[in-house]
Amino acid sequence: MKKAGSLIGFEVKRMLLSKTTATYTGIYFISFNISAIFFRMMGSDGSVLTIGNAQSFPIQHLQASFLFTGIFVAIYVGQIITQERTQGTIKLPLTRSISRLEYFMSRVVSIFFFSVFITLLMIVLSYMVGMLFFGWGDNMVFFSLTSGGLQGILITLLSGLAFAFSYFAFGMIAMVISMFTSRISVNATIMGILLMVGQYFEVLPSVKQFAVFHQMLFFHIDIFEKPFDYNVISFLVLVVYCVICSIIGYRIFRKKDLYV
42 MKKAGSLIGF
52 EVKRMLLSKT
62 TATYTGIYFI
72 SFNISAIFFR
82 MMGSDGSVLT
92 IGNAQSFPIQ
102 HLQASFLFTG
112 IFVAIYVGQI
122 ITQERTQGTI
132 KLPLTRSISR
142 LEYFMSRVVS
152 IFFFSVFITL
162 LMIVLSYMVG
172 MLFFGWGDNM
182 VFFSLTSGGL
192 QGILITLLSG
202 LAFAFSYFAF
212 GMIAMVISMF
222 TSRISVNATI
232 MGILLMVGQY
242 FEVLPSVKQF
252 AVFHQMLFFH
262 IDIFEKPFDY
272 NVISFLVLVV
282 YCVICSIIGY
292 RIFRKKDLYV
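According to this note's numbering, the sequence shown holds residues 42 to 301 in order.
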């Protein structure tokens, strides 16, 4: 597994230093500034914010980034799966031979790391914008939850972890789709359409909990608002998505021609 570890390390370094990461940072920063400006002008009617302070800013903006973050995850998956498989860039991070299983697992771990990374990026930028426009504030307010200080930060990070895990499950679906596409743009377009269509599961109360799109929108909220057994089911739903997509993805990847 040392070989897979070196691949993951290479991918993390590339992720942190890539131009696309700088682009994502700019997009999030601009969108958060727009949200803050609209809140100042129109109050909660013009923004996803219900209270203007830095403590509440990150956690209240997670759900609002549904489409942006989903597309960014799909693009990243396309870069490490579609592009490397079809354009012969697999060889770049390799210094010695590695099995397909090790290589595949390194891609899965990289998708998880990216989901966590982009969530942390959003949270950090949100704190910065919140401080710039509103100051720290007295309390962190999130639906029925009110907290503050270190506890509020920990709650935000816990919500972010739940958010990242649901997007990791979505990334695993994107990985399977990317096995059948030859261009990143095609993969991102397909996943973007799925994101928009997937929101309509919300009109089906009996099945929406089992849709990954519902979990992307609400899992980071439900862990504070729903009963424990409900959240266990939601967590298991995401685990099942990850496991099934991993199995399907590897079976397809094992039979694919690779250009190195």
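Glycine included, C-beta positions come from ideal geometry on N, C-alpha and C. This one's a predicted model, so the numbers in the text were calculated from it and none came from an experiment.
What does residue i pair with, by DSSP beta-bridge criteria?
{"i": "residue 183", "result": "186"}
Within the continuous alpha helix (DSSP H) that includes residue i, where are the two ends?
{"i": "residue 115", "result": "107-118"}
{"i": "residue 89", "result": "No alpha helix (DSSP H) holds residue 89; DSSP gives it neither H nor E."}
{"i": "residue 171", "result": "141-174"}
{"i": "residue 98", "result": "98-102"}
{"i": "residue 234", "result": "225-239"}
{"i": "residue 68", "result": "60-83"}
Our contact map puts residue i next to residue j with C-beta atoms below 8 Å; I'd like the distance itself, whole angstroms only.
{"i": "residue 101", "j": "residue 258", "result": "Actually they are not in contact, since the Cβ atoms of residue 101 and residue 258 sit about 14 Å apart, beyond 8 Å."}
{"i": "residue 215", "j": "residue 232", "result": "5 Å"}
{"i": "residue 200", "j": "residue 261", "result": "4 Å"}
{"i": "residue 87", "j": "residue 98", "result": "No, residue 87 and residue 98 are not in contact; Cβ-Cβ is about 15 Å, not under 8 Å."}
{"i": "residue 61", "j": "residue 116", "result": "7 Å"}
{"i": "residue 166", "j": "residue 69", "result": "5 Å"}
Give a yes or no on contact between the region 217-226 and the region 169-187, applying the rule of three or more CB pairs nearer than 8 Å.
By the Cβ rule, the region 217-226 does not count as touching the region 169-187, because fewer than three pairs are nearer than 8 Å.
Note down, one range per segment and in chain order, each alpha helix (DSSP H) of at least 4 residues found wholly within the region 241-288.
The region 241-288 contains these whole alpha helix (DSSP H) runs: 253-266.
Would you call the region 198-212 and the region 81-97 in contact, with 3 or more CB pairs under 8 Å?
no
Are the region 154-162 and the region 175-188 touching, with three or more C-beta to C-beta distances below 8 Å?
Contact fails: fewer than three Cβ-Cβ distances are below 8 Å.
Quick check: the region 241-256 against the region 278-292, are there 3 or more CB pairs under 8 Å?
As far as the Cβ criterion goes, the region 241-256 touches the region 278-292, which means the pair count is three or higher.
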